[in-house]
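121 is the number of the first residue of the sequence shown in the numbering used here; add one for each residue after it.
All C-beta atoms in this analysis are idealised placements derived from N, C-alpha and C, irrespective of residue type, glycine included.
Comments concern the structure below.
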Amino acid sequence: MTAGRFPDGFLWGTATAAYQIEGAVHEDGRGLSIWDTFSHTPGKTFEGHTGDLACDHYRRWPEDVRLMQELGTPAYRFSIAWPRVFPKGAGVVNERGLAFYDRLVDALLEAKITPFVTLYHWDLPQALQDQGGWAERATAEAFAAYADVVARRLGDRVRYWITHNEPWVVAYLGHYQGVHAPGIQDLATAVRVSHHLLLSHGLATQAIRAASRQAQVGITLNLSPVMPASEEELDRQAAQRFDGLLNRWFLDPVFGRGYPSDVRELLASYYEPPEQDVPVIAQPLDFLGVNYYAPAFVRGVRLEEQPLGIQALTPAELQERGYELTDMGWPVVPEGLEQLLLRLSREYGPPALYITENGAAYPDERVDGEVRDERRIAYLAAHFAAAHRAIAAGVPLRGYFVWSLLDNFEWAYGYSKRFGIVYVDYATLARLPKASYYWYREVITANALPERE
Ligand code: IFM
């Protein structure tokens, strides 16, 4: 690899998720998801925002594919809405829902864009939640049945499959902190859920492989280096614990090592995953998807005071320590990405890695018909450079998906946070490529980082 250039065939892309962009929540027989319920519950999202209309991608997808084609991205990661395929979560397949993804896949291939399909990006059918959701083992089985149907339908054209997006977020933000759907606040439930998500990953991987011989299957985890607030023992132990909960609890079983014993012990009084499931989770993977935004900075709290003994540093504290923050209050630390990729490669030896999400929210404004998002360009440039250094050091990184193609529904933050490289005017739903879109196009064309000015 020559200086600044990425390997030939490197897959540049953008990423989105169904509930965040599609809208059309009652169209073509779609059933309700837990995010419909949650976002319509007063007080749960910023100013009561919902995904009812979102970016109206369900109707405007041809324009969005055109935007990708003009960008020149060789790949696109999107998710399938389970409640479009199975409005009740299981049972009768909704043909019209499947047909939407069929058309989208065909259009992408026509535009020479390789689809990366995520099967679960947080929109569980409400009907399954009504029966206990991910806290129930039956949901893992229903997920495998859904994976089977989708893989049989699209598997002749889709090669890359991602079972889950960020199971830690689903388990902890959805079932412990309760700030995501379904809004449960119970640690024991969160741990159970994390196990059923991992089990369902294993079952779905088997189903996808049985349905399509060309399938390349992976899982996307949100991973971060964890930094202690200080060198004090209490903080260092908290960092070790959080690394266990966030990173190792998911990586270790997926890579065939079983659950890490220190975390098992920490969580034992809440839930103990059954041993017989561990080999199911450990299906050989074709790749690991990594979502990286920032490291985690934590301080220790006595376990008698708080169940996990971990407290995240606040954005104000991070700023005091000199970190630049994005609009999410997340610190900009590109070296964290390099460090993470090196660790994954060294400790887990994945056959291939993809950065399945990386990007930043900034309060973009349209001025004279342009969005000059220089800070996003700087963020991406620094992270691309970090990825480049990791590749040069031997990490098998094969592609990079920028989050996100479009500004979209940022979950509990509604439309108040903009991550897109294309600006969406929510009053008209018009799309306007930002400066970062044109900058990214240059990177892709050159397959290299632009010369420094
Ligand atoms: O918007 C989310 C996405 O759905 C999952 N990963 C993080 C993004 C930014 O918060």
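Just tell me which of the options has its CA closest to the CA of residue i.
{"i": "A135", "options": "A219, D176 and T234", "result": "T234"}
{"i": "T309", "options": "R257, R509 and K232", "result": "R257"}
{"i": "H295", "options": "A481, I304, L462 and P399", "result": "I304"}
{"i": "L552", "options": "D447, V487, E215 and G322", "result": "V487"}
{"i": "I475", "options": "E190, R180 and R197", "result": "R197"}
{"i": "R312", "options": "A502, Q326, A291 and A301", "result": "A291"}
{"i": "Q360", "options": "R419, E530 and A144", "result": "R419"}
{"i": "A547", "options": "W155, Y535, Y558 and L445", "result": "Y535"}
{"i": "L323", "options": "L423, W288, P345 and P399", "result": "P399"}
{"i": "I564", "options": "Q189, S153, T259 and H177", "result": "Q189"}
{"i": "L408", "options": "E286, E395 and G124", "result": "E286"}
{"i": "L428", "options": "R538, A388, L274 and L461", "result": "A388"}
{"i": "A436", "options": "M448, Q426 and I430", "result": "M448"}
{"i": "A498", "options": "D382, A512 and Y482", "result": "Y482"}
{"i": "S556", "options": "A550, D484, F126 and I511", "result": "D484"}
{"i": "I511", "options": "Q297, H177 and L462", "result": "L462"}
DSSP beta-bridge partners for residue i?
{"i": "T238", "result": "S199 and I282"}
{"i": "R561", "result": "Beta-bridge pairing links R561 to no other residue."}
{"i": "P348", "result": "V418"}
{"i": "I233", "result": "I233 is not bridged to any residue."}
{"i": "E424", "result": "The partner list for E424 (beta bridge, DSSP) is empty, contrary to what the question assumes."}
{"i": "P451", "result": "L445"}
{"i": "R125", "result": "A568"}
{"i": "G583", "result": "The question about residue 583 has no answer, for the chain in this structure spans 121 to 573."}
{"i": "L131", "result": "G519"}
{"i": "L473", "result": "L408 and L517"}
{"i": "S153", "result": "P245"}
{"i": "L341", "result": "V410"}
{"i": "N478", "result": "V522"}
{"i": "A550", "result": "D545"}
{"i": "V487", "result": "E490"}
{"i": "I430", "result": "G420"}
{"i": "Q336", "result": "Y280"}
In its own chain, which residues sit with a C-beta less than 6 Å from the C-beta of residue i, not counting the 5 before and 5 after it?
{"i": "A532", "result": "T165 and V299"}
{"i": "C175", "result": "I141, L526, N528 and V544"}
{"i": "S465", "result": "V515"}
{"i": "P348", "result": "D355, R356 and A359"}
{"i": "L341", "result": "F370"}
{"i": "R561", "result": "L191 and G192"}
{"i": "W450", "result": "Y413 and A414"}
{"i": "G456", "result": "P345 and P415"}
{"i": "K554", "result": "V491, D493, I541 and Y543"}
{"i": "A231", "result": "V185 and Q189"}
{"i": "R273", "result": "L218"}
{"i": "G576", "result": "This structure cannot speak to residue 576, because the chain is shown only from 121 to 573."}
{"i": "P470", "result": "L408"}
{"i": "Y139", "result": "W155, G171 and D243"}
Quick one: is the Cβ of residue i within less than 7 Å of any heavy atom of the ligand IFM?
{"i": "F539", "result": "yes"}
{"i": "Q334", "result": "no"}
{"i": "E477", "result": "yes"}
{"i": "A575", "result": "There is simply no residue 575 to check, as the chain begins at 121 and stops at 573 in what is shown."}
{"i": "E142", "result": "no"}
{"i": "A367", "result": "Reading the sequence as shown, one finds Asn at residue 367 and not Ala. Checking every heavy atom of the ligand IFM against the Cβ of N367, none is found closer than 7 Å."}
{"i": "H241", "result": "yes"}
{"i": "E286", "result": "yes"}
{"i": "N411", "result": "yes"}
{"i": "E530", "result": "yes"}
{"i": "I559", "result": "It is worth fixing the name first, because residue 559 is Trp in this sequence and not Ile. No - the ligand IFM has no heavy atom lying nearer than 7 Å to the Cβ of W559."}
{"i": "W155", "result": "no"}
{"i": "W587", "result": "Given that the chain is displayed from residue 121 to residue 573, the structure contains no residue 587 and the question cannot be resolved."}
Under 7 Å Cβ to Cβ from residue i, same chain only, skipping five residues before and after it: list those, please.
{"i": "R509", "result": "E458"}
{"i": "E351", "result": "none"}
{"i": "P302", "result": "I154, F158, Q249, G253 and G294"}
{"i": "Q403", "result": "G322, T325 and Q326"}
{"i": "R179", "result": "A144"}
{"i": "V212", "result": "none"}
{"i": "W523", "result": "A135, E477, N478, G479 and F539"}
{"i": "A502", "result": "P454"}
{"i": "A262", "result": "G209, A210 and L248"}
{"i": "L109", "result": "The structure shown does not extend to residue 109, since the chain is modelled only from 121 to 573, so the question has no answer here."}
{"i": "F362", "result": "V346, A416, V418 and I430"}
Looking only at its own chain, which residues have a Cβ that is under 8 Å from the Cβ of residue i, when we skip the five neighbours before and after it?
{"i": "Y520", "result": "F130, L131, W132, G133, Y474, I475, N478, F504 and A507"}
{"i": "Y379", "result": "W369, D372, P373, P393 and V398"}
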